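Residue numbers (the numbering used here): 139 to 342. Think of the CB as a built atom: it goes at the ideal place given N, C-alpha and C, for glycine as much as any other residue. Keep in mind that this is a model prediction, so the values were computed, not measured.
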């Protein structure tokens, strides 16, 4: 089971609060296009803490936001979407800290511990196979096309009894506009937050 240090728990709590604030109060709507920046909290959690942590931030942020600042009926499908978004960002962006990789190199058991399977092994495979711009692009496209466009449209259809095909047609523009914005933001955040001096100050 994934274990978090006290510093990591505090950091993740702040990111959950940030996700709630950015999602509920820093979203912009025009016609049927809604652009929000709550995903940045997931990206930060993914870079510093990995897939499991980013998934927790996404799930808890959506649940707490729905309870504290409801905008309609709560539907668990949207929480699942946020969990999966955090997971995908974590797999694409997380890289085990250098000190931890060095420790594991001298400790075969640590290198293959159950705690590190999702946070290290899968991410390491992606890091070795693809450069950061491609990983970030794939994560954003997966989140936008599969999770937001398809899954969230399905949840909206189920929740309000609307036509899935009709909703899908109106939400395609949102995905087309949001995806390049998210790719640019993710690459910018990753470039800044992965710097060694920033990692030393902020990483758990």
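Across the structure, residue 179 and residue 211 are spaced so that their CA atoms are roughly 24 angstroms apart. When the five nearest sequence neighbours on each side are left out, the beta carbons in the same chain lying within less than 6 angstroms of the beta carbon of residue 193 are those of 221, 224 and 225, in order along the chain. If you look at residue 287, you'll find it isn't in any alpha helix (DSSP H); DSSP assigns it neither H nor E. Beta-bridge pairing by DSSP links residue 159 to no other residue.
The C-beta distance from residue 277 to residue 207 rounds to 27 angstroms, too long to meet the 8 angstroms contact threshold. Within the same chain, Cβ atoms closer than 7 angstroms to the Cβ of residue 230 are found at 264, 273, 274, 276 and 277, the five residues on either side in sequence being excluded. By the beta-carbon neighbour count (other beta carbons within 10 angstroms, threshold 16), residue 144 is exposed. Between residue 153 and residue 183, the C-beta spacing is below 8 angstroms. As a beta-bridge residue in DSSP terms, residue 166 pairs with 173.
In the DSSP assignment, residue 227 falls within the unbroken alpha helix (DSSP H) covering 214 to 231. Residue environment: residue 172 is assigned as exposed (fewer than 16 neighbouring CB atoms within 10 Å of its CB, all protein chains considered). DSSP places residue 273 in the helix class (H, G or I) of the three-state scheme.
Between the region 155 to 166 and the region 293 to 308 there are fewer than three C-beta pairs closer than 8 angstroms, too few to call the two in contact. Residue 199 sits in a helix when the DSSP states are folded into three classes.
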